[in-house]
Amino acid sequence: MERRLAAILAVDVVGFSRLMEVDEAGTLAALKIRRKEVLRPLVAKHRGRIFKVAGDGVLVEFASAVNAVQCAVELQEGMAAANSDQPEERRIVLRIGVNLGDVIVEGSDLYGDGVNIAARLESIAEPGSILVSGTAHDHIRNKVQVGFDDLGTQNLKNIAEPVRIYRVAGTPAVAVVTPRVTAEKPAIAVLPFVNMSSDPEQEYFADGMTEDIITELSRFKSLLVIARNSSFYYKGRSPRIQDVGRELGVRWIVEGSVRRAGNWVRITAQLIDATTGAHVWAERYDRTLDSIFEVQDEVVQAIVGTIPGHLGRIAVEHARRRPPANLTAFDHLLRGRWALFHSTDGLQSALVHLEKAIEADPNYAAAHAQIATAFAYGIYALGLEPEIAIERACHHAARAVALDGGDTEVNAAAASAYITSGMHELADLHSARATASNPNDASALFSRGFVLAHLGRPSEAIEIFSQMQRIDPLAPDDARSEVLCDCHFMLGEYETVIGILRHRHDVPAYMHLIEAAAYAQLGRIEESKAAVAAFHRSPAPKPDPKTMIASQMRMIAHQEDRERWLEGYRKAGLPV
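Take the sequence shown: its position 230, counting from 1, is numbered 230 in the UniProt record's numbering, and each next residue is one higher.
What follows is the structure, given as structure tokens:
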């Protein structure tokens, strides 16, 4: 295995999907011109090498961190100049990350944390800005004519060790204006509540309060509520409310804070009109933890009641999920959900806490639903023994349905568990129930798309994911793109599959086998072999190829669809 030290520059276009939705041909043409006239000349000037282009993203290697940062600065300046004569909603704005680290060399491609950290820095950078890792900063701080803002040490997704981050001064964040989608329903977004507790470990509790309020608001079918992934895009940032409103296409913004000390909690919340920045409602709640669910209800009802024309809908529309019997179960549920999004061994940590939630309250439907989902996904993400994982997933799904069969999340979780087990009719039933009970819920839409993809209805699944784009426009790389790969593969659109995977900075290990099958179906055998090698090289927990393929075939309802996959795997030299 060849390794070398390299400075990696990761570049991404902000809001690319939304620009494509408005004007696909115009966006692609503009991006092609910018690459030719701005990006490539600057990379050549600073002696860099573009080693990966994926849709709206580019990865560049430099031998010098100084050259990488100078190129990044001039690139942002060049894009700003090119945007000057464009209307705001047509401007191509970049976010950039730079890291200096060890990389693995495979042909002309590069892998490893040296690349991954640069990509993660880019993903959290504000539009128009440049983030630099501590290792790169230490090499360049006295060698480039720019200043740096120290953002402290932060945990990055799928990176084991915390990374110190610096922002290049003098590249102010750019307000990205995207065409606002007109909605008949009032549109609202809940920004992550700030953890004001003295204990930073209470972050999971503040996030949990935010997620619960989003869930409860989404139960009002007369509202359009932005999903958790897109709302949490703004976590740790200080955006202008008007910019958030434009980026998400919403008029109403909720923000707040949580302070917890022992059995006491203070929650503050305020509703803001994003068109004017005016605060239209604010309240502070000082309560004990045993009344936390009542506080959530009061916050939700106050928000909905403040939106013009919605006061009378509260009693009619709002049917809150059943709370747990004790706070220990609720606390473990919040910790389990938090682990799924933040821990490097997320699923394993989540399973521990969710099991403890059920121990504390065996009749807690929400905990049973979450654990069913975790076991179903764990077959692919952790390499869990399929027979055992399926048995556990179906057990908890059935228990959740028996306890609260009308709940959206319960039905969505049951659908995922049942499709994984090959119980196609039950999966169809519960995914349809989930979207019928709450068509405004991202997890319900995802479960429906996931099920339809494997029932031989990939075009319908793609349409479902298109609907999700409205309520989750800023979602990061996630399971949605993985299911879209399945859909396009079953439609014979192999180039699209490869394009989706190239767009992702961190491809899950098992998805490299999908990539291998797509390349093989196109007759590109060497690239197929490289994808298989990438699967084996991945250090993440994963099933062996034969087990993964067998588990995937169990989910697929129709023999002709199975044959398409098996043909691709055979051509890729995989055991089937």
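Heads up, the beta-carbon is just placed ideally off N, CA and C, and yes, glycines get one too.
- With three or more CB-CB distances shorter than 8 Å, the region 445 to 460 counts as touching the region 420 to 428.
- The criterion of a C-beta distance shorter than 8 Å is not satisfied by Met-1 and Ile-117.
- Exposed is the label assigned to Trp-264, since fewer than 16 other Cβ atoms lie within 10 Å of its Cβ.
- Contact between the region 226 to 245 and the region 452 to 472 is established, with three or more Cβ pairs separated by less than 8 Å.
- Ranking Ala-402, Ala-136 and Pro-386 by CA distance to the CA of Ala-63 puts Ala-136 first.
- Comparing C-alpha distances from Leu-403 to each of Ala-369, Leu-151 and Gln-242 shows the shortest one belongs to Ala-369.
- Rounded to the nearest whole angstrom, the C-alpha separation of Leu-94 and Val-11 is 7 Å.
- Asn-155 counts as exposed, since fewer than 16 other beta carbons sit within 10 angstroms of its beta carbon.
- Taking C-alpha positions only, Asp-544 is separated from Leu-455 by approximately 25 Å.
- Nearest in C-alpha terms to Met-548, of all of Gln-559, Leu-566, Pro-539 and Glu-560, is Leu-566.
- Taken in chain order, the whole beta strand (DSSP E) runs of length 3 or more contained in the region 135 to 216 are 148 to 154, 163 to 168 and 187 to 190.
- Judged by DSSP in its simplified three-state form, Leu-42 adopts helix.
- Annotation: Val-144 to Ala-65 spans about 10 Å, alpha carbon to alpha carbon.
- Under the three-state reduction of DSSP output, Leu-5 falls in the strand class.
- Short of 8 Å from the beta carbon of Arg-34, and not among the five residues preceding or following it, lie these beta carbons of its own chain, in chain order: Met-79, Ala-82 and Ile-92.
- Listed in chain order, the alpha helix (DSSP H) runs fully inside the region 269 to 310 are 292 to 306, counting runs of at least 4 residues.
- Shown here, Asn-440 sits in coil according to DSSP, grouped into three states, outside any helix or strand.
- Contact between Gly-383 and Arg-554 is ruled out by a C-beta separation of about 16 Å, above the 8 Å threshold.
- Take Pro-323, set aside five residues on each side of it, and the residues of its chain with a beta-carbon closer than 7 Å to its own are Phe-293, in chain order.
- Bounds of the beta strand (DSSP E) holding Ala-261 are 252 to 261.
- In the DSSP assignment, Gly-249 falls outside any beta strand (DSSP E), carrying neither H nor E.
- Here the C-alpha atom of Leu-340 lies approximately 6 Å from the C-alpha atom of Ala-350.
- As a beta-bridge residue in DSSP terms, Arg-266 pairs with Arg-259 and Asp-286.
- According to the DSSP assignment, Tyr-111 belongs to the beta strand (DSSP E) that extends over 109 to 111.
- For Asp-102, the enclosing beta strand (DSSP E) has its first and last residue at 94 to 106.
- Sequence-distant Cβ neighbours of Phe-535 in its own chain, meaning closer than 6 Å and more than five residues away, are Ala-509, His-512 and Leu-513.
- When secondary structure is reduced to three states using DSSP, Val-576 falls in the coil class, being assigned neither helix nor strand.
- Under the three-state reduction of DSSP, Ala-68 is assigned to helix.
- Note that the C-beta distance between Val-60 and Val-43 is below 8 Å.
- Between Lys-571 and Glu-527, the alpha-carbon positions lie close to 12 Å from each other.
- Judged by pairs of C-beta atoms under 8 Å, the region 186 to 200 touches the region 243 to 262, as three or more such pairs exist.
- The C-alpha of Lys-32 lies about 18 Å from the C-alpha of Pro-87.
- Separation of Ala-206 and Ala-125 (C-alpha to C-alpha, rounded to the nearest whole angstrom) is 23 Å.
- DSSP places Val-410 inside the alpha helix (DSSP H), whose first and last residues are 408 to 421.
- The Cβ atoms of Ile-241 and Ala-274 lie closer than 8 Å to each other.
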